[in-house]
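Report on the structure given below.
Number of protein chains: 2
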Amino acid sequence: MSVIYDRVALIGLGLIAGSMAHAMREGGLAGEIVGFARSHETRDTAREIGLCDRICDSAAEAVKGADLVVLAVPVGAMGDVAAEIAPHLKPGATVTDVGSVKQSVIDAVGPHIPDGVHFIPGHPLAGTEHSGPRSGFATLFRNRWWLLTPLPDSDPQAVARLADLVRAMGAKTDSMEASHHDLVLAVTSHAPHLIAYTMVGVADHLRRVTDEEVIQYSAAGFRDFTRIAASDPTMWRDVFLHNKEATLDILGRFTEELFMLQRAIRMGDGQQLFDYFTRTRAIRRGIIEAGQDTNAPDFGRSAEATRDR
Amino acid sequence: MSVIYDRVALIGLGLIAGSMAHAMREGGLAGEIVGFARSHETRDTAREIGLCDRICDSAAEAVKGADLVVLAVPVGAMGDVAAEIAPHLKPGATVTDVGSVKQSVIDAVGPHIPDGVHFIPGHPLAGTEHSGPRSGFATLFRNRWWLLTPLPDSDPQAVARLADLVRAMGAKTDSMEASHHDLVLAVTSHAPHLIAYTMVGVADHLRRVTDEEVIQYSAAGFRDFTRIAASDPTMWRDVFLHNKEATLDILGRFTEELFMLQRAIRMGDGQQLFDYFTRTRAIRRGIIEAGQDTNAPDFGRSAEATRDR
Numbered sequence: 001m002s003v004i005y006d007r008v009a010l011i012g013l014g015l016i017a018g019s020m021a022h023a024m025r026e027g028g029l030a031g032e033i034v035g036f037a038r039s040h041e042t043r044d045t046a047r048e049i050g051l052c053d054r055i056c057d058s059a060a061e062a063v064k065g066a067d068l069v070v071l072a073v074p075v076g077a078m079g080d081v082a083a084e085i086a087p088h089l090k091p092g093a094t095v096t097d098v099g100s101v102k103q104s105v106i107d108a109v110g111p112h113i114p115d116g117v118h119f120i121p122g123h124p125l126a127g128t129e130h131s132g133p134r135s136g137f138a139t140l141f142r143n144r145w146w147l148l149t150p151l152p153d154s155d156p157q158a159v160a161r162l163a164d165l166v167r168a169m170g171a172k173t174d175s176m177e178a179s180h181h182d183l184v185l186a187v188t189s190h191a192p193h194l195i196a197y198t199m200v201g202v203a204d205h206l207r208r209v210t211d212e213e214v215i216q217y218s219a220a221g222f223r224d225f226t227r228i229a230a231s232d233p234t235m236w237r238d239v240f241l242h243n244k245e246a247t248l249d250i251l252g253r254f255t256e257e258l259f260m261l262q263r264a265i266r267m268g269d270g271q272q273l274f275d276y277f278t279r280t281r282a283i284r285r286g287i288i289e290a291g292q293d294t295n296a297p298d299f300g301r302s303a304e305a306t307r308d309r
Numbered sequence: 001m002s003v004i005y006d007r008v009a010l011i012g013l014g015l016i017a018g019s020m021a022h023a024m025r026e027g028g029l030a031g032e033i034v035g036f037a038r039s040h041e042t043r044d045t046a047r048e049i050g051l052c053d054r055i056c057d058s059a060a061e062a063v064k065g066a067d068l069v070v071l072a073v074p075v076g077a078m079g080d081v082a083a084e085i086a087p088h089l090k091p092g093a094t095v096t097d098v099g100s101v102k103q104s105v106i107d108a109v110g111p112h113i114p115d116g117v118h119f120i121p122g123h124p125l126a127g128t129e130h131s132g133p134r135s136g137f138a139t140l141f142r143n144r145w146w147l148l149t150p151l152p153d154s155d156p157q158a159v160a161r162l163a164d165l166v167r168a169m170g171a172k173t174d175s176m177e178a179s180h181h182d183l184v185l186a187v188t189s190h191a192p193h194l195i196a197y198t199m200v201g202v203a204d205h206l207r208r209v210t211d212e213e214v215i216q217y218s219a220a221g222f223r224d225f226t227r228i229a230a231s232d233p234t235m236w237r238d239v240f241l242h243n244k245e246a247t248l249d250i251l252g253r254f255t256e257e258l259f260m261l262q263r264a265i266r267m268g269d270g271q272q273l274f275d276y277f278t279r280t281r282a283i284r285r286g287i288i289e290a291g292q293d294t295n296a297p298d299f300g301r302s303a304e305a306t307r308d309r
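The listed protein sequences derive, respectively, from chains A and B. Mapping of the first sequence onto UniProt numbering: position 74 corresponds to residue 74, and the numbering continues sequentially without gaps. Mapping of the second sequence onto UniProt numbering: position 155 corresponds to residue 155, and the numbering continues sequentially without gaps.
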């Protein structure tokens, strides 16, 4: 592989930026990787593990001379960071972000971007429940989607170059409108996360009643929920606050549907339950066929790992 | 290992019974393993893959002379099976079941069990989203809990012998009252499953609006839900119908809690969201410490598998 950007600045050094650093280094995709994180502790850790070629003590310093600037901070922090770096951006540079919500990031960041700098919002559909500078790994994006939501006036060549980088890190790219992205993600990611958080919270209350049993006997189902509900609290707080409309819309539909199934249970309508569960099983097959997961048996742990144990 | 039961009859040949057959064979725990399934197709498959030493064409025939009879059919079918096999049970034999609900199974099966036969209900907290005679594997129960809910008059020696078998298949055992089991499982497994089914159903409706994108871009969160929601529809229909009270209780608490978080989103109360998500993250740590899951990063797929890809 060859260098796609001479200098890349990563603002925020969590799971996504860290994985990008590993992936770009492994592929030789960046001449120099510069990093910045707001917390002193994170910068120290990043230096200690050599996450980037250089860690700066300010965002302004980090973006100086960078050909690509990646905003990898919680969605609610994007605007402030953009305001801080704006005067220091190199003409012709590209600024992208990796936020899970796109319209509010565009609203917050867009106005700060100077003429002659390309702003191309993006969102890698990849993650684990871990966070922080030590959590990244080079293959996080492999075979995952990395959605770009270019603005109407985005420069096609700049978009193509960013897409090249994304593909070189192993991801698949697609472009869509920001508002559409936010609706799709509300149903595939944001609402499910809130639901998982909620269910784990309910168990927490009950745990006081039934001692430690809920944790002790956390079966398949709940165990998967706790994994989701262990995701970074700051990131997810911001996602919900910044994709408010779409998330509340989906949660409204969810509640309607849940009430219907609760009623079927209460009324003993086994046929309705059976039909519903048969339909959801078919959706799972669609996802496997779309290559977004494997058919290997797994319930929060891989069968292979189980067999080896 | 040595033989614990001379002859074991498996009634129903799905994931659990199949895994028991593999595990008992691997450990040399049963002199002979006899199987029966209601569907002709399942019996043919079981014969073809040599799942048991012998496959019978009726449940009555299968249990003849068996020292242990395992009822591994959906919860709603337990009573009928018990009625059918009762006259053919060997005096001194043990009958157990593997249903996810215990009180309703006791109510349905108990009255059919003749004097001199031990009925010891049980529930292995293990499974995958696959089902059928080909889905079992020997290590399914390894390090998983297998809860027993003996009746007040259960013979201690018979219970100890069943517990020996369960441990020899790699599981950990514990005993509790049936009604308490049903409450604990409602929160750790039954309610989470219904919620996952519901969320996938919502996406199904929305899919019609957004074409195939919901499937295409199924991110972490939703992908895990689809895995749960791909579980056997008959089994789960019966679980909800037979653990109605506890499941509806937990779902009621869940809805209250979800409304509170929805309101926090609507009102922009980031602190409440952050505090809630921080608390649920701590619960995850409790589960890892309790040995019910690993800390390996995973979002519906194992990180190792990802790295190797």
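Glycine included, C-beta positions come from ideal geometry on N, C-alpha and C.
{"Query": "Express the C-alpha separation of A:Phe274 and B:Ser58 in angstroms, rounding to a whole number.", "Result": "26 angstroms"}
{"Query": "Look up A:Phe225 in the DSSP assignment and say whether it is helix, strand or coil.", "Result": "helix"}
{"Query": "I'd like to know whether the C-beta of A:Asp238 is nearer than 9 angstroms to at least one C-beta of chain B.", "Result": "yes"}
{"Query": "When DSSP labels each residue in this structure, what does B:Leu148 get in the three-state scheme?", "Result": "strand"}
{"Query": "Indicate whether at least one CB of chain B lies closer than 9 angstroms to the CB of A:Ile16.", "Result": "no"}
{"Query": "Would you check if the distance between the CB atom of A:Ser218 and the CB atom of A:Phe137 is smaller than 9 angstroms?", "Result": "no"}
{"Query": "Can you name the residues that DSSP bridges to A:Gly14?", "Result": "Looking at the DSSP assignment, A:Gly14 forms no beta bridge with any residue, so it has no partner."}
{"Query": "Indicate the three-state DSSP secondary structure (helix, strand or coil) for B:Glu61 in the structure shown.", "Result": "helix"}
{"Query": "So is B:Met267 buried or exposed if we call it buried at 16+ other beta carbons inside 10 Å?", "Result": "exposed"}
{"Query": "For the beta strand (DSSP E) that contains A:Glu177, what are its first and last residues?", "Result": "That residue, A:Glu177, is in no beta strand (DSSP E); it is neither H nor E in DSSP."}
{"Query": "Using a Cβ-Cβ distance cut-off of 9 angstroms, determine whether B:Ile215 contacts chain A.", "Result": "yes"}
{"Query": "Thinking B:Asp6 and B:Gly35 are a contact (beta carbons under 8 angstroms), I'd like their distance in whole angstroms, please.", "Result": "Not a contact, Cβ separation roughly 16 angstroms."}
{"Query": "Could you give the DSSP three-state label for A:Tyr217: helix, strand or coil?", "Result": "coil"}
{"Query": "What does a CB cutoff of less than 7 angstroms around B:Leu206 pick up in its chain, not counting 5 residues either side in sequence?", "Result": "Val214"}
{"Query": "Start and end of the beta strand (DSSP E) containing A:His123?", "Result": "122-124"}
{"Query": "Considering only DSSP beta bridges, list what B:Ile55 is partnered with.", "Result": "B:Gly35"}
{"Query": "May I ask you to report which of helix, strand or coil DSSP gives A:Thr255?", "Result": "helix"}
{"Query": "Tell me the DSSP secondary structure of B:Ala30 in three-state form.", "Result": "strand"}
{"Query": "Opposite B:Ala186 in the DSSP bridges: which residues?", "Result": "None, per the DSSP bridge assignment."}
{"Query": "DSSP puts A:Thr96 in a beta bridge; with which residues?", "Result": "A:Val70"}
{"Query": "Check the Cβ of B:Trp145 against every Cβ in chain A and list those closer than 7 angstroms, keeping chain order.", "Result": "Tyr217"}
{"Query": "Would B:Val70 and B:Ala93 qualify as a contact pair, given that the criterion is a beta-carbon distance under 9 angstroms?", "Result": "no"}
{"Query": "Where does the unbroken alpha helix (DSSP H) through B:Pro233 begin, and where does it stop?", "Result": "233-242"}
{"Query": "Using a cut-off of 8 angstroms between C-beta atoms, extract the partners of A:Met199 located in chain B.", "Result": "Ala191, Pro192, Ile195, Phe254"}
{"Query": "Please report the Cβ distance between A:Met235 and A:Pro74, rounded to the nearest whole angstrom; I am assuming they are in contact, meaning their Cβ atoms lie under 8 angstroms.", "Result": "5 angstroms"}
{"Query": "Roughly how many whole angstroms lie between the Cα atoms of A:Ala21 and B:Leu258?", "Result": "37 angstroms"}
{"Query": "Given 8 angstroms as the limit, is there contact between the stretch 182-195 of chain B and the stretch 151-169 of chain B, that is, 3 or more CB pairs closer than that?", "Result": "no"}
{"Query": "Below 8 angstroms on the Cβ atoms is my guess for B:Val239 versus B:Ser100; work out the distance and round it to an integer in Å.", "Result": "5 angstroms"}
{"Query": "Here's a check: name, in chain order, each residue in its chain whose Cβ is nearer than 7 angstroms to the Cβ of A:Gly65, leaving out the five neighbours to either side.", "Result": "Arg7, Lys90"}
{"Query": "Looking at the structure shown, is B:Asp6 part of a helix, part of a strand, or coil, going by DSSP?", "Result": "strand"}
{"Query": "Measuring alpha carbon to alpha carbon, tell me which of A:Ala230, A:Tyr276, A:Ile195 ends up nearest B:Met260.", "Result": "A:Ile195"}
{"Query": "Within its chain, find whatever has a CB closer than 8 angstroms to the CB of A:Ala72; leave out the 5 residues flanking it on each side and keep chain order.", "Result": "Leu10, Ile11, Gly12, Leu13, Gly14, Ile16, Ala17, Met20, Asp97, Val98"}
{"Query": "Could you please give the first and the last residue of the uninterrupted alpha helix (DSSP H) stretch that includes A:Ile106?", "Result": "103-109"}
{"Query": "Using 9 angstroms as the threshold, is the C-beta distance between B:Asp53 and B:Ile33 below it?", "Result": "yes"}
{"Query": "Compare the C-beta of A:Val101 with all C-beta atoms of chain B and state if any pair is closer than 9 angstroms.", "Result": "no"}
{"Query": "Roughly how far, in whole angstroms, is the beta-carbon of B:Ala158 from the beta-carbon of B:His118, given that I think they are within contact range, below 8 angstroms?", "Result": "4 angstroms"}
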